[in-house]
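Novice: First the structure, which I've put down as structure tokens, then a few questions once you've had a look.
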């Protein structure tokens, strides 16, 4: 069973930065497509950024130019660098690992953007 664990959330002021990490317990991490999603209170979970096994990336319009997703296959880890944070970025951020029909979610990490 693949386990996915997020870390790096916290409280940050508007305009600040955070880097989220997601570690996956698998020896074929490089084959997984990885994604970051978020869910704000009272809203549906939405995709933030996605990176394929081949390294191709896609971003939500709301974070394009501010967030960067990357992966380190040697460390079985995917990152989400978040810059120029806004109050509307406040949410629980989830990591998703997918390999064909197999999908695993992490427990989430809270990001709060507030002065």
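In this note's numbering, the protein residues as written are 159 to 273. Think of the CB as a built atom: it goes at the ideal place given N, C-alpha and C, for glycine as much as any other residue. Here the structure is a predicted model, which is why all the values come from computation and not from measurement.
1. Taking residue 160 as the reference, which of 252, 182, 175, 166 has the closest Cα?
2. What number of angstroms, rounded off, separates the C-alpha of residue 259 from the C-alpha of residue 193?
3. Got a sec, what are the start and stop residues for the beta strand (DSSP E) residue 230 sits in?
4. Report the CB separation of residue 146 from residue 252 in whole angstroms; it is logged as a contact under 8 Å.
5. Would DSSP call residue 247 helix, strand or coil?
6. Please classify residue 169 as buried or exposed, where buried requires at least 16 neighbouring CB atoms within 10 angstroms.
7. Helix, strand or coil for residue 242 per DSSP?
Specialist: Let's see:
1. Of 252, 182, 175, 166, the residue nearest in Cα terms is 182.
2. If I take the Cα positions, the gap works out to 15 Å.
3. 225-230 is the span of the beta strand (DSSP E), which, as asked, contains residue 230.
4. Since the first residue of the chain shown is 159 and the last is 273, residue 146 is not available in this structure.
5. Correct three-state label for residue 247: helix.
6. Around the beta-carbon of residue 169, fewer than 16 other beta-carbon atoms lie within 10 Å, marking it exposed.
7. In this structure, residue 242 counts as coil in the three-state DSSP scheme.
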